Amino acid sequence: MELQEIKMKATPVFKRYGIARASVFGSVSRGEGTPESDIDILVKLGTKMDLVQYIQFRDALALSLGRDVDVVTESSVSPYLKSYITSDLRPIYEL
């Protein structure tokens, strides 16, 4: 799936859940994804979410994209993984 298609399909979900910023990282961002690949998305929350809201957001995003998604918040990224994630980031949404 191309980044433009991800952006088009995911933007309504980002807006509905108050996401401030979103970027794709991992195999899809590097152009190495397959039809079976999940989509890794780094988000900055615009509003607080409880666990139930987070799961609803993740599930809505997966449904919209037709793929499994791994959603990571900017505030939860491990310092040990940050450089790996940021080297692959491809922005797809900003409020």
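Numbering (our numbering), first residue to last: 2 to 96.
In this text, a Cβ means the ideal position worked out from N, Cα and C, and glycines have one as well.
Remember, it's a predicted structure, so these values are computed and weren't measured experimentally.
The three-state secondary structure of Leu-96, taken from DSSP, is coil.
Taking every protein chain shown into account, the CB of Ile-56 has fewer than 16 other CB atoms within 10 angstroms, so this residue is exposed. Beta-carbon to beta-carbon, Val-72 and Val-44 are separated by about 6 Å, close enough to satisfy the 8 Å threshold.
Taking a cut-off of 8 Å on C-beta distances, the stretch 4 to 19 does not touch the stretch 76 to 84, as fewer than three cross pairs fall below it. Pairing Ala-61 with Gly-32, the inter-Cα distance amounts to about 24 Å. Partner residues in the beta bridge of Phe-26, as assigned by DSSP, are Asp-41.
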